[in-house]
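The sequence shown lines up with residues 700 to 1342 when you count with this note's numbering. Input: a single structure, listed below in structure tokens.
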Amino acid sequence: MRSNSTSFKELIIGLTLAIGIIIDDAIVVIENIYKKMEEGREKYEAAYEGTKEMAFTILAISAMLLAVFIPVSFMSGIVGKFFESFAMTVGFAIIISYTIALSFIPSLSARVLHKGESRFYNLTEPLFKFLERIYEKTLKLVLNFKIITFVLVLIMFFASLSLFPKIGMDFIPKEDKGEFEIKIKADSGVSLEEMIRKSKTVEDLVRKSPFVEYTTLSVGYNATREKHKALIYVKLTDKKKRELNQERIVQDFRQAFEPFKKDMFITASAIPNIKGAGASVPYQIVLKSDSFEDLNIAKKNLVEYLAKKKGFVDIDTDLDDSKPQIDINILRENASQFGVSASEIAQAISIAFSSDLEVSYFEESGKQYNITLRFSDENRVSLEDIKKLQVRTKDGRLVYLDGLVTFTNSQTLGAVNHFDRQREVTIFADLFGLDLGGAVNYTKAEIENLLPKGVEYRFTGFAEEMVKTGQAFGAAIGLSVIIMFIILAILYESLIQPIIIMVALPLSIIGVMLALYISGLQFSLFVMIGFMLLMGMVGKNAVLLVDFANHAVDGGKRVDEALIEAGEKRLRPILMTTVAMVFAMLPLALGSGLGSETKAPMAISIIGGLLSSMVLTLLVVPVIYKMISPFDIWLKKFYKSKG
């Protein structure tokens, strides 16, 4: 059910992003058709000529966007499953958008579009004229100082990358789903009745909170039914009715549980978005060794080291304290004297205490019930009850076990965990005010000095998935860049012009980093997806400029004149498409409902990237075009001469 919910969420996000993409293509076509009408052409002629002029540009834009999302749709692992529906939704939207922009939009424009100046036009036109004048002067300035401009942009780019350590990295942002769980672990020798009483005390404290709607308690909740462990599920009131978010409430409960931690270990954590990716807390590290002594030393050192860092909370391990047990030792000489075997003694104790012996069964209402034999509860309390058991000797007499066995108290491990065929100890920790990337880096800084020789470590859970996600997206971005370059090289019949267009791609990183830094959000899985979308959107603006400049240069204009004209003619569609995409992201960025914590970072990073790339693309792409266009012209002549 959680998997279906996640897919539906990604589908909705994909549809939201697709709205901006579809509007972008329509804006570019309609704006060009309207320009043709302003030049004095009839509606049908303007629709035909305007669409024909933009057909190649729309094709290049759609191809670039598909080059970005096709690799995402074929990613493997949890990340691939997580965003398969997202990538497919956006991919099909791009194809539909391309078809509509070149068929339905021109047809509709030829019938309903008319040249007229409304009141809104009269109000906004002076603003656009002012922006065009400012842009023209700025563009002339940067073209005259192209080297300085390029250097300044490089400085801005690397300065934005320096913000990454301050921003931090996470796998999936913590989401306020209005629910969390409390795990209680008492001494392993506690009785079931005492554990229920202790757990009820904690549950009563939780229920007193005005933010709690209801709770459920499970004692012995895990697969091994350990009675000294309990789980409390807490359902919070609706997010809109609470003053505090879920993470703050959980942290307040952690502080309220301090008095109980004298004889119990209590943790409170959110329920993870992806079950099965590890523990319910984000930080998880496995220590492996063949020696229990070395593992205990490593565990002690690492837990103490983590406790020194502010941000690590509820540090726990899966290595429980030893459980008390009573060893029953058979007095072999006495047993042999009476002719009683060890198996007979074991069978007598098992029958009396474990209910393993089925003596009969009965049926009622179509159901069959087994009848087992054992002592009553009041006769299964102490060692004296075991001593009172009788076994039959070889000559048929009954003797008490008191003279046949002795009892000794000892300790034993409840479970021996293994990882990669080695004994292991897993250390868990929740994080509050500390990003997962920062927690991993803090651990790596000193872990080699904390572990005895022969002890290995491995990050698992969300920490491991975060690394896999980074590698997967690095591969996806690399493949997208290669596909994008090949497509643009084929479309423009040039090896240089794709470079001019793709230079704009890193410019969006500046806005992404600034937006995350200002908003206090981390770089996460959703931000990576947003950056993939930005690659296509930023390239779109560059295509609009380069395509028009190429036509102007082919018409005999100088490069500077062509670039200034391209900037003037394409300023409005670039502004409109960027603003349309920004407004498409605003509902996700400003949303406060359930799940907003995962969608907001993506939307905010996209908005920041769009705004920075729009400004810088309008200035930097012409600069790059002017710098390397002579080499492009020379190279084309070389190809033609060879042809």
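Ideal Cβ positions, reconstructed from N, Cα and C, are used throughout, including at glycine.
Per the coordinates, the alpha-carbon of leucine 860 lies some 18 Å from the alpha-carbon of valine 1237. Judged by beta-carbon spacing, valine 1319 lies within the 8 Å limit of valine 1202, meaning their Cβ atoms are closer than that value. Less than 8 Å separates the beta-carbon of isoleucine 760 from that of valine 1242. Checking the DSSP bridge columns, you'll see glutamine 983 partnered with Phe1127. Distances from the alpha-carbon of alanine 967 to those of Thr936, Phe1037 and Ile931 put Ile931 closest. For threonine 1105, the three-state secondary structure derived from DSSP is strand. With a 10 Å radius around the Cβ and a threshold of 16 neighbouring Cβ atoms, isoleucine 1070 comes out exposed. The Cβ neighbour count for glutamine 1036, taken over all protein chains shown within 10 Å, is under 16; the residue is labelled exposed. In the pairwise beta carbon analysis, the stretch 719-739 is classified as not touching the stretch 1208-1217: fewer than three pairs are separated by under 8 Å. Following the DSSP letters along the chain, one finds isoleucine 846 inside the alpha helix (DSSP H) bounded by residues 845-860. Assigned with DSSP and collapsed to three states, serine 1295 falls in helix.
With fewer than 16 other Cβ atoms inside 10 Å of its own Cβ, glutamate 1057 counts as exposed. Between the C-alpha atoms of tyrosine 1324 and leucine 1130 there is a straight-line separation of about 48 Å.
If the five residues before and after phenylalanine 1061 are omitted, its C-beta is found closer than 8 Å to the C-beta atoms of Gln1067, Tyr1068 and Ile1070, all from its own chain and listed in chain order. In the three-state reduction of the DSSP assignment, aspartate 1015 falls in the strand class. The residues Leu986, Thr1016, Leu1018, Val1124 and Ile1126, in chain order, have a CB closer than 8 Å to that of lysine 998 in the same chain once the five nearest residues on each side in sequence are set aside. Pairing tyrosine 834 with glutamate 1267, the inter-Cα distance amounts to about 8 Å. For the options Glu741, Met1212 and Val771, the alpha carbon positioned closest to that of methionine 855 is the one of Met1212. Take tyrosine 1099, set aside five residues on each side of it, and the residues of its chain with a beta-carbon closer than 8 Å to its own are Lys1086, Lys1087, Leu1088 and Gln1089, in chain order. Per DSSP, the beta bridge partners of valine 1098 are Val1090. Counting other Cβ atoms within 10 Å of its Cβ, alanine 762 reaches 16 or more and is therefore classed as buried.
Of the other Cβ atoms in all chains shown, fewer than 16 fall within 10 Å of the Cβ of aspartate 1055; this residue is therefore exposed.
With a cut-off of 8 Å on Cβ pairs, the stretch 823-839 is not in contact with the stretch 1241-1256, counting fewer than three such pairs.
Here leucine 1135 is buried, its C-beta having at least 16 other C-beta atoms within 10 Å.
Under the 8 Å Cβ criterion, the stretch 1177-1184 counts as touching the stretch 763-771, having at least three qualifying pairs.
Per the C-alpha coordinates, the member of Phe1052, Val911 and Lys882 positioned closest to valine 980 is Lys882. The Cβ-Cβ distance between isoleucine 720 and alanine 800 does not fall below 8 Å. Phenylalanine 857 is not a Cβ neighbour of valine 1322, given a cutoff of 8 Å.
Counting the other Cβ atoms within 10 Å of the Cβ of valine 1226 gives 16 or more, which makes it buried. In the structure shown, isoleucine 970 falls within a coil segment according to DSSP collapsed to helix, strand and coil. Between phenylalanine 1222 and isoleucine 866 a beta carbon distance of about 6 Å is seen, short of the 8 Å cut, so the two are scored as contacting.
A distance below 8 Å separates the beta carbons of leucine 1194 and leucine 1334.
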